[in-house]
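All remarks here apply to the structure that follows.
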Amino acid sequence: MTWFRPLAALIALFWAAPLVAAQEAPDLLTRWAEEPRAAYPVGEAELEDFEFRARPIVVFSDGPGDPQFERQVAFLAERIDELAARDVIVLIDTDPQARSPIRRALRPRGFTVILIGKDGRIAQRKPAPFTGRELIHAIDKLPLRQQEIRDANRPFDRPGAQAMPFSRTE
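Okay, so the sequence shown: first residue is 273 according to the working numbering, each after it adds one.
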């Protein structure tokens, strides 16, 4: 019976360790919710993590010094408030050797920008930088974004109306 206590303590340690690690390092969606106007490294994130929560814009490059990468980051920075209002999370992967789960799933070649809808489908894929205006236009044409716009414009006293935050940025 004396062997049971150390075994129970060991099992509790292995069970609690992932919970403690999760509390120490908040996941990507939690960090994005706190600061939606930042760009995040893809790390170990999976595309499924963002479904129906955010619209990932994934910027792939062979290195952080790539001129196209620098232009794309500048384009995103110019319109970051408008992108944040559209639930965009900017993910960056500049290390092809790391083979992140998102890089394995999307298989980019060199510099690539990929816009993914909230439904998880690839909406746009381009081997050159998107301007902020192009991205906003592409996002506003997505079906779920169209539904969000309709819901935001629906009067609250009608059946099916939902209160959704919507900011006009013009």
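Just so you know, even glycine gets a beta-carbon here, dropped at the ideal spot from N, CA and C. Small disclaimer: the values here were computed from a predicted structure and weren't measured.
Task: I394 classed as buried or exposed, judged by whether at least 16 other C-beta atoms fall within 10 angstroms - done: exposed
- [ ] Compare the beta carbon distance of L363 and L355 with 8 Å and say whether it is the shorter of the two.
- [x] no
TODO: Figure out for me which residue from I374, I421, I408 has the closest Cα to the Cα of G315.
DONE: I374
Task: Inter-residue spacing [alpha-carbon to alpha-carbon] between P415 and Q340 - done: 29 Å
Open item on the list: Please classify D391 as buried or exposed, where buried requires at least 16 other C-beta atoms within 10 Å of its C-beta.
Closed with: Under this definition D391 is an exposed residue.
Open item on the list: Buried or exposed, going by whether 16 or more other CB atoms sit within 10 Å of the CB of F324?
Closed with: exposed
Open item on the list: Please state the DSSP three-state secondary structure of P368.
Closed with: Helix at P368.
Open item on the list: In this structure, how does DSSP classify A326 when only helix, strand and coil are distinguished?
Closed with: coil
- [ ] Look at I361 and A326 and say whether their C-beta atoms are less than 8 Å apart.
- [x] yes
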